[in-house]
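Visitor:
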Amino acid sequence: MSKILTAIDLFSGCGGFSYGFQQAGFHVVLGVDNTEVALKTFEKNHKNSKGLNLDLHKESSIDAIIDATGGKQIDVIIAGPPCQGFSLTGTRNENDERNSLFYSVFRVAERLNPKAIIIENVPGLLKLYGGKAKKEIIRLCDEMGYTCNPQLLYAPDYGVPQIRKRVFFVALKKDLGIFEFPEPILKEGEYIGCEDAIGDLPDLVSDLGKEEVAYDKKAFSDYQKMMRNGNKVLKNHVGTQHTDHVINVISQVPEGGNHKDLPMGVGDSRKFNEAWTRYHSKKPSKTIDTGHRNHFHYKWNRVPSVRENARLQSFPDDFLFLGNKTEQYRQVGNAVPPLLGKVLAEQLLKYLNYEI
Ligand SMILES: C[S@@+](CC[C@H](N)C(=O)[O-])C[C@H]1O[C@@H](n2cnc3c(N)ncnc32)[C@H](O)[C@@H]1O
Numbered sequence: 001m002s003k004i005l006t007a008i009d010l011f012s013g014c015g016g017f018s019y020g021f022q023q024a025g026f027h028v029v030l031g032v033d034n035t036e037v038a039l040k041t042f043e044k045n046h047k048n049s050k051g052l053n054l055d056l057h058k059e060s061s062i063d064a065i066i067d068a069t070g071g072k073q074i075d076v077i078i079a080g081p082p083c084q085g086f087s088l089t090g091t092r093n094e095n096d097e098r099n100s101l102f103y104s105v106f107r108v109a110e111r112l113n114p115k116a117i118i119i120e121n122v123p124g125l126l127k128l129y130g131g132k133a134k135k136e137i138i139r140l141c142d143e144m145g146y147t148c149n150p151q152l153l154y155a156p157d158y159g160v161p162q163i164r165k166r167v168f169f170v171a172l173k174k175d176l177g178i179f180e181f182p183e184p185i186l187k188e189g190e191y192i193g194c195e196d197a198i199g200d201l202p203d204l205v206s207d208l209g210k211e212e213v214a215y216d217k218k219a220f221s222d223y224q225k226m227m228r229n230g231n232k233v234l235k236n237h238v239g240t241q242h243t244d245h246v247i248n249v250i251s252q253v254p255e256g257g258n259h260k261d262l263p264m265g266v267g268d269s270r271k272f273n274e275a276w277t278r279y280h281s282k283k284p285s286k287t288i289d290t291g292h293r294n295h296f297h298y299k300w301n302r303v304p305s306v307r308e309n310a311r312l313q314s315f316p317d318d319f320l321f322l323g324n325k326t327e328q329y330r331q332v333g334n335a336v337p338p339l340l341g342k343v344l345a346e347q348l349l350k351y352l353n354y355e356i
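Residue 356 is where the sequence shown ends in full-length UniProt numbering, and the numbering goes up by one at each step.
1. Histidine 27 lies in the beta strand (DSSP E); which residues open and close that run?
2. Just to confirm before moving on: does the CB-CB distance between proline 284 and glycine 16 stay below 8 Å?
3. Check glutamine 252 in the structure and name its three-state DSSP category.
4. Between the beta-carbon of glutamine 162 and the beta-carbon of isoleucine 288, is there less than 8 Å?
5. Give the secondary structure of alanine 64 by DSSP, where H, G and I count as helix, E and B as strand, and everything else as coil.
6. Which residue's Cα is closest to the Cα of glutamate 312: Ala197, Ala38, Val28, Ile118?
7. Check whether the Cβ atoms of glycine 31 and serine 60 sit closer than 8 Å, and answer yes or no.
8. Using 10 angstroms around the beta-carbon of arginine 164, count the other beta-carbons present and answer buried if the total reaches 16, otherwise exposed.
9. Suppose the cutoff is 8 Å on Cβ atoms and the five residues either side in sequence are ignored; what does the same chain contact list for tyrosine 329 look like?
10. List, from N- to C-terminal side, the beta strand (DSSP E) runs of 3 residues or more that fit wholly inside the stretch 228 to 299.
11. By the DSSP assignment, the alpha helix (DSSP H) with lysine 165 in it spans what residues?
12. Under three-state DSSP, which class holds glutamine 347?
13. Looking at C-beta atoms only, is the number of pairs between the stretch 174 to 182 and the stretch 208 to 216 that lie closer than 8 Å three or more?
14. How is the beta strand (DSSP E) around glutamine 151 delimited, first residue to last?
15. At the level of alpha carbons, what is the spacing between glycine 267 and asparagine 301?
16. Distance, Cα to Cα, isoleucine 66 vs glycine 333?
17. Sort Leu234, Ser281, Glu346, Gln347 by Cα distance to leucine 320 and report the nearest one.
18. Could you check if histidine 46 is buried or exposed, using at least 16 other CB atoms within 10 Å of its CB as the buried criterion?
19. Can you determine whether any heavy atom of ligand 1 sits closer than 7 Å to the C-beta of isoleucine 209, and answer yes or no?
20. Tell me whether the stretch 61 to 80 and the stretch 37 to 44 touch, counting them as touching only if at least three CB pairs, one residue from each stretch, are closer than 8 Å.
21. Looking at valine 76 and ligand 1, is the gap between the Cβ and the nearest heavy atom below 7 Å?
22. Pairing CB atoms from the stretch 337 to 349 with CB atoms from the stretch 272 to 279, are three or more of them under 8 Å?
23. Just to check, is the beta-carbon of glycine 13 closer than 7 Å to a non-hydrogen atom of ligand 1?
24. To the nearest angstrom, report how far apart isoleucine 192 and valine 160 are at their CA atoms.
25. With C-beta atoms as the reference, is alanine 7 less than 8 Å away from valine 105?
26. According to the Cβ coordinates, are arginine 270 and histidine 280 closer than 8 Å?
27. For valine 336, name the three-state secondary structure that DSSP assigns.
28. Sort Gly80, Ile4, Val238 by Cα distance to glycine 13 and report the nearest one.
29. Compare the C-alpha of proline 254 against each of Asn113, Val108, His297, Leu52 and name the closest.
30. For glycine 113, count neighbouring C-beta atoms within 10 Å of its own C-beta (all shown protein chains included) and say buried if the count is 16 or more, exposed if not.
31. Tell me which residues share the same chain as residue 360 and place their Cβ nearer than 6 Å to its Cβ, disregarding the 5 neighbours each side in the sequence.
32. List the whole-angstrom C-beta distance separating valine 29 from alanine 116, where the pair is believed to meet the contact cut-off of C-beta under 8 Å.
33. Does DSSP put glutamate 212 in a helix, a strand or coil?
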């Protein structure tokens, strides 16, 4: 490899996706988002990167992005537009303006002419409203001289200890070929479970912890060792004070269970799909979302800390989340698991180096 490849991250959030690119050796020049605190987290964790607070609906934002790149060649645009409009769990509104935000990715690409574009979203984007958005993305790629390959990826297949399915559209300049997705590295039965992911962290049972705590156990799995990566002080690992009612209800849910496993009349205040879910120690967690109410630790009668969610999303322990707890949970839940980002970035290198 003869030069450092560059990327910009649109709808960067805290930068889970681009952190994976950074780990694969890319220089992430810019992160663009309209949430200030997420950009602060982004800047804190990306070397020599700038966070730009812009509304990507606005045409003026496209100009601001081009200015901020300062004429530098950008090799890759990565983007995870908001997915609420496509989510099968949200209210489906075809006219939700968030559904059209992906157009901004192509407006930026038109000006920067990158070699590759990757767009990530929830699987719902492929099917809802007759697959309109999918067809649009493929059409725009073709019109702009890119091949486009969309594929659903299942995070546990790539070593992430979390059930998370997302669609990735990888567009390559036509002379670079058609992107082939990396083969899974693990299969069912080999997936990393919650205990191997977070079992070495302080339990926060008698002590809710504070913003900085020490590790009180040795790492006992390869995954934990990888996440610690020589890190000494643990941050973002603060417990939640639950009511006696919550503790009483969740104590009755077995590992891997949910509200359906509760005796009649217990926990009736929350009956929806994921309510009172307790993770299973030997299995990947449920999809980490932006809230922190419904999922509980596989062993302790409390919700996971931000750091535990971050581990389940494959953020290493030295990746710090800024803002209040709600903002931190949101940043973690919104992110592409860095490990998945890294696997894709490494695969992409095979196509981009072809030119150099
Ligand atoms: C799914 S998250 C992206 C997460 C990111 N890819 C990661 O890996 O961490 C979507 C992001 O889009 C941002 N966003 C929503 N509407 C926006 C807009 N109009 N302009 C810019 N950013 C927007 C949100 O603040 C949020 O951080």
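Virtual Cβ for every residue (Gly too), placed ideally from N, Cα, C. This one's a predicted model, so the numbers in the text were calculated from it and none came from an experiment.
Guide: In brief:
1. 27 to 33
2. no
3. For glutamine 252, the three-state secondary structure derived from DSSP is coil.
4. yes
5. helix
6. According to the sequence displayed, residue 312 carries leucine and not glutamate. Nearest of Ala197, Ala38, Val28, Ile118 to leucine 312, Cα basis: Ala197.
7. no
8. buried
9. Counting only residues of its own chain and dropping the five nearest sequence neighbours on each side, tyrosine 329 has a CB closer than 8 Å to the CB of Thr290, Gly291, His292, Val306, Asn309.
10. 233 to 235
11. Here lysine 165 belongs to no alpha helix (DSSP H); instead the beta strand (DSSP E) covers 165 to 173.
12. Helix at glutamine 347.
13. no
14. 146 to 154
15. Looking at the two C-alpha atoms, the distance is approximately 14 Å.
16. 29 Å
17. Leu234
18. buried
19. As written in the sequence, residue 209 is glycine, which differs from the isoleucine given in the question. For ligand 1, not one heavy atom lies less than 7 Å from the Cβ of glycine 209.
20. no
21. Judged by the Cβ position, valine 76 fails to qualify as a neighbour of ligand 1 at the 7 Å threshold, every heavy atom of the ligand being at least this far.
22. no
23. yes
24. 7 Å
25. Against a cut-off of 8 Å, the Cβ pair of valine 105 and alanine 7 comes out as no contact.
26. no
27. coil
28. If we check each option's Cα against that of glycine 13, Gly80 comes out closest.
29. His297
30. A small correction: the amino acid at residue 113 is asparagine; glycine does not occupy that position in the sequence shown. The residue in question, asparagine 113, is exposed, as its Cβ has fewer than 16 Cβ neighbours within 10 Å.
31. In this structure the chain extends from 1 to 356, so residue 360 is not present and cannot be described.
32. About 15 Å separates the two Cβ atoms, so there is no contact after all.
33. strand
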